[in-house]
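Residue numbers (our numbering): 254 to 994.
Using N, Cα and C, we set each Cβ at its ideal position, and we do this for glycine too.
In this text, all values refer to a predicted model and were calculated from it rather than measured experimentally.
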DNA sequence: AGCGTACGAATTTTT
DNA sequence: TTCGTACGCT
C-alpha cells in the first residue's frame with residue numbers, strides 16, 4: 254500500500270513542481286533543469302491524476318529512452334500508488350514498440366516471432382550485401398552505411414524515399430545497400446532497433462483501427478527526456494496523443510547531447526506550437542549542487558545561441574570554487590586525481606563512491622584506469638563492453654535465437670561451427686547455395702543435409718550438428734529458458750570446448766556463461782505468467798537490455814565514465830578531465846565550421862558540471878598522447894567562459910611528470926612516465942622533423958594537404974596529413990615524397 | 001582449419 | 001598506442 258497521503262505528496266514539492274503535478278488534463282510541457290527533481294514531478298503527477306480519479310492506471314503510457322530510467326520510474330510510481338502501478342505501460346520506446354508490433358504487426362507484414370538484430374548482426378548483413386553488390390568497403394565503410402541507414406529510418410525514410418533524395422556518391426551507394434539490407438532482415442525474420450519504431454509508425458499510419466485502439470487505451474501519455482526524441486519517435490508519440498491531447502513531456506534542451514544519433518531538441522522547443530493550449534512549467538530550483546557550481550554551469554551554457562533561456566538556482570548559496578589543475582601530461586593528470594582521491598578518503602573520511610572521473614572519449618580511460626590499479630584505488634568503469642555483447646554470450650543466445658526462429662540464418666551461421674566442429678566456410682556457402690536453390694532457409698537445409706551433395710566428411714559434420722539442433726528443438730518445446738540454456742551449453746559442446754581450452758580467457762568465458770544462467774533464472778523468477786517466462790520474452794529482453802543490472806550501489810568504488818554516460822547521475826566529487834582544446838571540445842567539433850557542433854560539446858560540458866554535488870575539478874594536460882600521437886593542447890575554451898572568481902588554480906608544484914616517491918614506481922613504469930627532461934627532449938626532436946601542424950605540403954601522388962600531426966623523430970618520424978581529395982594519411986617522412994609549400 | 005601477420009582505424013553509443 | 005579484422009600461408 255502507498256504510505257504517502259495525498260497532502261504529503263504535495264507538501265514535499267516546491268511551487269513550480271506543484272503546478273506541474275496538479276495541472277489537470279491537457280498538454281503539459283515541463284522544462285526540467287539538471288537536478289530539479291524531474292522524475293519526482295513525473296511520478297507524483299501520475300499519482301495525482303490517479304488519486305483525483307482523472308485517469309486509470311491502464312490508461313497511462315510512460316516512455317523513456319533507457320531501461321534504467323524506465324525501471325526507476327516503475328519503482329517510484331509503485332511506491333506512490335501501490336498495486337495499480339503494474340497496469341500502466343512504462344518502458345522504453347523500443348520495448349513498447351516491440352510489444353505493439355508483437356500484438357498487431359502482422360497487419361503490415363511483421364511476423365509474430367520476429368527477432369531483434371543488434372549492431373553485430375546488422376554488420377554481418379551489411380557485409381553480405383557488400384559482397385552481393387560488389388561494393389568497395391573502402392569507399393563506404395560498412396559502419397558508415399549502417400549509420401546512414403539508421404538515420405534514414407529515424408527520419409522514417411523507406412529505401413525508395415532514400416533513393417530519391419540520395420545525392421552524393423556515398424548516399425547513392427547507401428541507396429543501393431539499403432533495399433538489400435532490408436530484404437535480408439526480412440528474410441531472417443528480423444527487425445533492427447530502428448525498425449521497431451519506424452514499423453510501429455507505419456502500422457499506426459496504415460491502420461486507423463489499430464491506432465484508434467491505442468489512442469483510446471493510452472489517454473495519458475508521458476515522455477521523459479523529450480529533447481532526445483527523433484523524428485520517428487516524435488511521430489509515434491504524436492499519433493497516439495492527437496486524440497486526447499493528454500500529453501506531458503519533460504525535457505531540457507541544455508542537456509541535449511545525442512544530436513549525432515538523430516535526437517532533435519527543436520521538437521521540444523516546438524511543443525508549444527504543436528499544442529498551443531499547452532501549459533508550460535519551468536523547474537529551475539536545483540537540489541543537487543551549490544550555487545558556485547550552478548553559476549559555473551550557467552556561464553558555460555549561456556554562450557550557446559540556440560537555447561531557451563533559463564537559469565538554475567539553489568538555496569545552497571556559496572560553495573567552493575572549481576579547482577583547476579594543469580598537469581604536464583596525462584599521466585601526471587591521473588596522478589593528481591589519484592592523490593586527491595586518496596587524500597579525500599584517508600584524511601577527510603570520504604568514500605570512493607563519492608568520486609566520479611569523467612572524460613570525453615573512452616581512449617582517455619586507459620591511463621586513468623592503470624593508475625587506479627597501481628594505486629589500489631577501487632574503481633568501476635561504466636560503459637565498457639556490454640554483457641550481452643560478449644562473444645560467448647552472443648554465441649549461446651544465438652543458439653536460442655535459432656531455436657526460436659529457425660529462419661534466423663545470421664544466428665545459424667554464427668553457431669554452425671561454434672565450437673568448431675569441422676564445418677568450414679566452403680561448406681557453409683555450399684549449403685547456402687543449395688538452400689537458395691530450393692527456396693528454403695539455411696536451417697532447413699542443415700536439417701535436410703542427408704539430401705545435400707557434400708563431401709563425406711563435411712556431410713557427417715553437418716549431420717551431427719543437425720542432430721544437436723533437432724534435440725534442442727524438441728527440448729525447447731518442453732522446458733523453460735534456464736533448462737534450455739543449460740542444454741545448449743552442454744549439448745552444443747560449448748562448455749566442453751572451453752574446459753579443454755583451459756586458459757584464463759576461457760575460464761572467464763565459463764564464468765560469464767554461468768552468469769547467463771543466473772540471468773535466465775532471475776528472469777524466470779521475476780516473470781508474472783507463462784508468457785512472461787517464454788523464450789520469446791527472454792530473447793526480447795536480451796536484445797533490448799544492454800547491460801545486466803549489476804548496479805551494486807553499495808559498491809564502494811570510484812566511477813570512471815564518459816561524459817555522455819554521466820547524464821542523469823550525480824556525485825559529490827567530480828573530475829572533468831582533458832579540459833583541453835582538441836579534446837574537449839574535440840578538434841572535429843571545433844573545426845567543423847558548424848556552430849551547432851560546438852554547441853553540443855558545450856551542452857556536454859554543462860551536463861558534466863551539473864553532475865556535481867559538492868566539489869568539481871577541471872583537469873588538463875599540457876601534452877597528451879592519444880592514438881599514438883602526442884599533441885600540445887591549450888586549456889579548453891569552455892574555461893574561458895567562466896568568471897575567474899569561480900575558479901581556483903591548484904598549485905602544481907607537488908606533482909611533476911616524475912612520480913612522487915611514495916608511489917613506489919616500478920622500473921618498467923619509468924618508461925611510461927618519462928621525466929620532464931625526456932618530454933622536453935622529445936619536444937625538441939619533434940621540431941627536428943621539419944614539419945609543424947598546420948603546414949601546407951605537397952605529395953607527388955596525393956596532391957596538396959595540411960599537416961595535422963607529427964610523431965616520432967629521425968628515420969621513423971611519421972606525419973599525418975589531410976589531403977582534401979584523398980582523406981587523411983599517416984606517412985613515414987623518410988619515404989614519403991613530400992615538399993613543404 | 002588454424003595460426004600468424006599486416007593493416008587500418010580510433011568521438012560520443014540510451015536501444 | 002592498441003584493438004580488431006582480414007587475408008594468406010601451412
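- Contact between the stretch 612 to 628 and the stretch 822 to 839 is established, with three or more Cβ pairs separated by less than 8 Å.
- Less than 7 Å divides the Cβ of residue 576 from the Cβ of residue 901.
- Around the C-beta of residue 856, 16 or more other C-beta atoms lie within 10 Å, and the residue is accordingly described as buried.
- Residue 484 is a Cβ neighbour of residue 408, given a cutoff of 7 Å.
- Taking a C-beta distance under 7 Å as the contact criterion, residue 314 and residue 474 qualify as a contact pair.
- Judged by DSSP in its simplified three-state form, residue 671 adopts coil rather than helix or strand.
- Measuring C-alpha to C-alpha distances from residue 401 to each of 389, 387, 419 identifies 419 as the nearest.
- Across the structure, residue 794 and residue 441 are spaced so that their CA atoms are roughly 19 Å apart.
- Burial check for residue 506: the Cβ neighbour count within 10 Å reaches 16 or more, so the residue is buried.
- Rounded to the nearest angstrom, the gap between the Cα atoms of residue 729 and residue 684 is 25 Å.
- By alpha-carbon distance to residue 426, the top candidate from 587, 496, 394, 817 is 394.
- Secondary structure of residue 821 (DSSP, three-state): coil.
- In the three-state reduction of the DSSP assignment, residue 826 falls in the strand class.
- For residue 546 and residue 287, the gap between their C-alpha atoms comes out near 12 Å.
- Residue 868 sits in a strand when the DSSP states are folded into three classes.
- Note on the stretch 322 to 367: whole alpha helix (DSSP H) runs with a minimum of 4 residues are 346 to 357, in chain order.
- In the three-state DSSP reduction, residue 482 falls in the coil class, being neither helix nor strand.
- Straight across, the Cα-Cα distance linking residue 733 with residue 742 is about 14 Å.
- Residue 457 is not a Cβ neighbour of residue 410, given a cutoff of 7 Å.
- Of the residues assessed, residue 852 falls on the buried side of the cut-off, its CB having 16 or more other CB atoms within 10 angstroms.
- In the DSSP annotation of this structure, the continuous segment of the beta strand (DSSP E) that includes residue 612 starts and ends at 608 to 612.
- Taking a 10 Å sphere around the C-beta of residue 884, we find 16 or more other C-beta atoms and assign the residue as buried.
- Annotation: the continuous alpha helix (DSSP H) that includes residue 788 extends over 788 to 797.
- Relative to residue 581, the option among 622, 876, 899 whose CA is nearest is 876.
- Assigned with DSSP and collapsed to three states, residue 555 falls in coil, not helix or strand.
- Here residue 609 is not near residue 862, since their CB atoms are 7 Å or more apart.
- Linking residue 864 to residue 824 through their CA atoms gives a straight-line distance of about 6 Å.
- Note on residue 723: under 16 other CB atoms within 10 angstroms of its CB, so exposed under the neighbour-count rule.
- Here the C-alpha atom of residue 747 lies approximately 14 Å from the C-alpha atom of residue 725.
- Around the beta carbon of residue 443, 16 or more other beta carbons sit within 10 angstroms, so the residue counts as buried.
- For residue 398 and residue 605, the gap between their C-alpha atoms comes out near 42 Å.
- Between residue 353 and residue 512, the CB-CB gap reaches or exceeds 7 Å.
- By the criterion of a C-beta distance shorter than 7 Å, residue 596 is surrounded by no residue of its chain, once the five residues flanking it on both sides are discounted.
- Straight-line measurement puts the Cα of residue 579 at about 22 Å from the Cα of residue 630.
- Between residue 846 and residue 540, the C-beta spacing is not below 7 Å.
- Rounded to the nearest whole angstrom, the C-alpha separation of residue 687 and residue 699 is 10 Å.
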